[in-house]
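In this note's numbering, the protein residues as written are 53 to 242.
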């Protein structure tokens with residue numbers, strides 16, 4: 053019953069916001085995770101599952117330029133081959149917030165191509181990944197987005213380039229490990 057009430061509330065709020073030009077959406081997807089830096093050959097990340105929600109917020113009426121904040125959760129496992137006698141596997145989860153400036157190209161009333169870029173910030177958690185895997189909590193960088201909307205369905209591509217050293221070893225560590233993610237997502241505009 054609670055789930056039904058939540059769905060009804062989201063639909064009612066979404067339809068009211070849509071009348072003002074706002075376009076909220078829900079999305080799920082998969083991301084390929086890559087570490088870049090000095091020790092990246094010792095780290096073997098897999099892919100991440102992602103779930104999120106966002107909203108197209110119009111800047112100027114009659115111009116297809118939007119600000120698109122999106123709050124998402126993603127989680128992935130990675131193997132650290134620097135451990136002796138064998139590699140250790142850690143799970144790293146993060147809350148991710150990109151705020152993208154988006155330009156929408158309308159082909160028809162039902163088909164739209166969105167292209168955007170902007171900054172992102174993410175906060176990572178996972179006790180073993182932070183304590184034993186030497187992962188940092190904060191990551192920030194540049195988010196690149198492209199998506200195709202057909203009526204209320206959305207297929208999106210994302211590339212998040214991390215610019216912060218995400219791994220920490222101590223005061224004598226001079227390596228810079230950056231976390232980047234390439235993703236494909238499917239969504240529904242409410």
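All C-beta atoms in this analysis are idealised placements derived from N, C-alpha and C, irrespective of residue type, glycine included.
Small disclaimer: the values here were computed from a predicted structure and weren't measured.
Buried or exposed by the 16-neighbour rule on C-beta atoms within 10 Å, applied to residue i
i: residue 162; result: exposed
i: residue 223; result: Its pLDDT being 48, under 50, residue 223 is placed unreliably by the model, and nothing is read from it.
i: residue 108; result: buried
i: residue 106; result: buried
i: residue 158; result: exposed
i: residue 144; result: buried
i: residue 73; result: exposed
i: residue 114; result: exposed
i: residue 242; result: buried
i: residue 111; result: exposed
i: residue 160; result: exposed
Closest by C-alpha distance to residue i, when choosing among the options
i: residue 211; options: 172, 80, 218, 176; result: 172
i: residue 147; options: 169, 104, 166; result: 104
i: residue 188; options: 175, 198, 197; result: 175
i: residue 190; options: 82, 196, 198, 178; result: 178
i: residue 82; options: 125, 228, 149, 141; result: 125
i: residue 236; options: 164, 229, 208; result: 208
i: residue 166; options: 117, 142, 143, 140; result: 117
i: residue 204; options: 233, 193, 230, 238; result: 238
i: residue 123; options: 195, 218, 200, 229; result: 195
i: residue 141; options: 97, 76, 150, 102; result: 97
i: residue 87; options: 213, 127, 78, 155; result: 213
i: residue 233; options: 200, 128, 154, 199; result: 128
i: residue 218; options: 80, 85, 78; result: 85
i: residue 102; options: 153, 168, 78, 152; result: 78
i: residue 120; options: 130, 151, 131, 100; result: 151
i: residue 199; options: 75, 229, 193, 168; result: 168
Where residue i falls: helix, strand or coil (DSSP)
i: residue 160; result: coil
i: residue 215; result: coil
i: residue 229; result: coil
i: residue 114; result: coil
i: residue 204; result: coil
i: residue 235; result: strand
i: residue 119; result: strand
i: residue 188; result: coil
i: residue 223; result: No answer about residue 223 holds up, because its pLDDT of 48 lies below 50 and its placement is not dependable.
Beta-bridge pairing of residue i - partner residues as DSSP gives them
i: residue 172; result: 150, 193
i: residue 240; result: 78, 205
i: residue 106; result: 77, 122
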